[in-house]
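Peer 1: Numbering (full-length UniProt numbering), first residue to last: 1 to 328.
1. Assuming residue 416 is part of the alpha helix (DSSP H), what are its boundary residues?
2. Under the rule that 16 or more other beta-carbon atoms within 10 Å means buried, what is residue 38, buried or exposed?
3. Less than 8 angstroms between the beta carbons of residue 260 and residue 252, yes or no?
4. With burial defined as no fewer than 16 other Cβ atoms inside 10 Å of the residue's Cβ, what is the status of residue 26: buried or exposed?
5. Could you give the first and the last residue of the continuous beta strand (DSSP E) run that contains residue 22?
6. Taking C-beta to C-beta, are residue 93 and residue 7 nearer than 8 angstroms?
7. In chain order, what residues of the same chain lie with their CB nearer than 6 angstroms to the CB of residue 47, ignoring the 5 residues before and after it?
8. Taking 8 angstroms as the cut-off, does the stretch 9-24 touch the stretch 51-66 (at least 3 CB pairs, one atom from each stretch)?
9. Beta-carbon within less than 6 angstroms of residue 166's beta-carbon, same chain only, minus the 5 sequence neighbours each way: which residues are those?
10. Taking just the CA atoms, how far does residue 131 sit from residue 125?
11. Please give the ranges of any alpha helix (DSSP H) in the stretch 17-94, keeping only runs that are unbroken, at least 4 residues long and fully inside the region.
12. Would you say the stretch 21-35 touches the stretch 157-164, given that touching needs at least three Cβ pairs under 8 angstroms?
13. If contacts are defined as beta-carbon pairs under 8 angstroms, then residue 233 and residue 284 qualify, I think. What distance do you get, rounded to the angstrom?
14. Answer with buried or exposed for residue 3, where buried requires no fewer than 16 other C-beta atoms within 10 angstroms of its C-beta.
15. From the DSSP output, in three-state form, read off residue 262 for me.
16. Use the C-beta contact count for residue 247: other C-beta atoms within 10 angstroms, 16 or more gives buried, fewer gives exposed.
17. Using the Cβ count rule (16 or more neighbours within 10 Å means buried), how would you classify residue 45?
18. From what residue to what residue does the alpha helix (DSSP H) around residue 281 run?
19. With a cut-off of 8 angstroms on the beta carbons, I'd call residue 129 and residue 64 a contact; round off their distance for me.
20. Identify, in the order they occur along the chain, each residue of the same chain with its Cβ nearer than 7 angstroms to the Cβ of residue 170, setting aside the five sequence neighbours on each side.
21. At a Cβ threshold of 8 angstroms, is residue 135 touching chain C?
22. Around the Cβ of residue 69, are there at least 16 other Cβ atoms within 10 angstroms (buried) or fewer (exposed)?
23. Measure from the alpha carbon of residue 75 to the alpha carbon of each residue in 286, 90, 56, 60, then state which is nearest.
24. Express the C-alpha separation of residue 288 and residue 9 in angstroms, rounding to a whole number.
25. Pick helix, strand or coil for residue 96, following the three-state DSSP scheme.
26. With distances taken Cα to Cα, identify the nearest neighbour of residue 269 among 258, 20, 279.
27. From the DSSP output, in three-state form, read off residue 244 for me.
28. Can you tell me which of 87, 43, 60 puts its alpha carbon nearest to the alpha carbon of residue 33?
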């Protein structure tokens with residue numbers, strides 16, 4: 001296996017993108033990439049793609065990177081509905097290929113905490129396929145890319161930088177997975193997982209510290225060191241990410257979303273959301289919902305504005321568990 005290493009000295013050039021859904025057994029049509037790369041992020045289902053001579057099984061929350069000058073096609077029909085984002089881009093400089101044996105020295109030579117200390121000298125490193133553990137921030141970034149690209153003024157330049165930021169986030173996620181496997185940030189990863197599993201509207205730093213048998217001050221210093229934010233800031237960010245996701249992918253009211261996003265008070269939710277994003281929840285929903293959608297019955301060329309009702313599958317079930325909707 002080898003990995004693509006892209007320079008960060010110049011932004012990538014965003015080409016086109018959208019969201020594809022199929023509610024029937026589906027198979028990818030043959031395509032040829034004429035110099036452009038494609039990122040596919042699977043939201044739902046399982047599908048089967050062959051790129052050149054390599055076959056991939058793409059499952060929910062998997063990412064596939066398709067290189068340029070490659071023929072790709074579906075080698076088997078999907079047995080269940082699928083939903084995925086697709087983003088095409090060009091790069092200005094030819095990437096470096098890193099083979100399995102050289103990955104460790106390349107990654108560990110950058111930093112013991114890649115996400116905190118990365119700089120312009122560090123490349124974006126991505127494999128052909130990997131799995132995302134946390135989808136929230138990536139869905140938000142994709143929606144921002146697709147929304148900005150639909151505008152006229154400065155749309156292309158903004159899209160280039162947002163696409164570059166998206167690749168950086170993907171690379172950070174992948175490289176931190178590599179670092180976790182080596183024990184560099186296992187402790188913080190376990191803490192994050194515990195927080196996600198035990199998230200509630202009244203969860204606080206003391207409860208986390210007590211449950212994990214850590215001193216509250218040490219816990220906060222640990223989070224600050226490895227994530228760049230305090231434990232309380234991390235909790236707030238998780239809640240806001242849930243809210244952003246629900247604003248983009250559902251028609252729930254702002255009051256309902258404040259409940260599902262673990263806020264005890266709608267006004268507090270709106271203040272925190274505005275402080276975090278610079279927009280009110282309604283402004284955010286209106287600003288970032290211009291996503292190009294396509295299905296097997298719609299030509300995927302863009303721009304083709306279509307209104308398709310999205311189902312968010314497990315998202316509502318996950319955030320709704322243990323809550324009673326009091327907004328009615």
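Where is the CB? At the ideal position from N, CA and C, for every residue including glycine.
Please read these numbers as outputs of a predicted model, since none were measured by experiment.
Peer 2: In brief:
1. No statement about residue 416 is possible, as the shown extent of the chain runs from 1 to 328 and does not include it.
2. Its Cβ being crowded by 16 or more others within 10 Å, residue 38 is buried.
3. yes
4. buried
5. From DSSP, the beta strand (DSSP E) with residue 22 extends over 13-22.
6. yes
7. 58, 78, 82
8. In this structure the stretch 51-66 does not lie against the stretch 9-24, because fewer than three pairs of beta carbons, one per stretch, are closer than 8 angstroms.
9. 141
10. Taking the straight line joining both Cα atoms gives about 14 angstroms.
11. Segments of the alpha helix (DSSP H) lying fully in the stretch 17-94: there are none.
12. no
13. The Cβ separation is near 19 angstroms, so there is no contact.
14. Counting the other Cβ atoms within 10 Å of the Cβ of residue 3 gives 16 or more, which makes it buried.
15. coil
16. With 16 or more other Cβ atoms within 10 Å, it is buried.
17. buried
18. If you look at residue 281, you'll find it in the alpha helix (DSSP H) that goes 281-287.
19. 5 angstroms
20. Around residue 170: 63, 126.
21. Judged by its chain identifiers, the structure shown contains no chain C, having just a single protein chain.
22. exposed
23. 56
24. 28 angstroms
25. strand
26. 258
27. helix
28. 87
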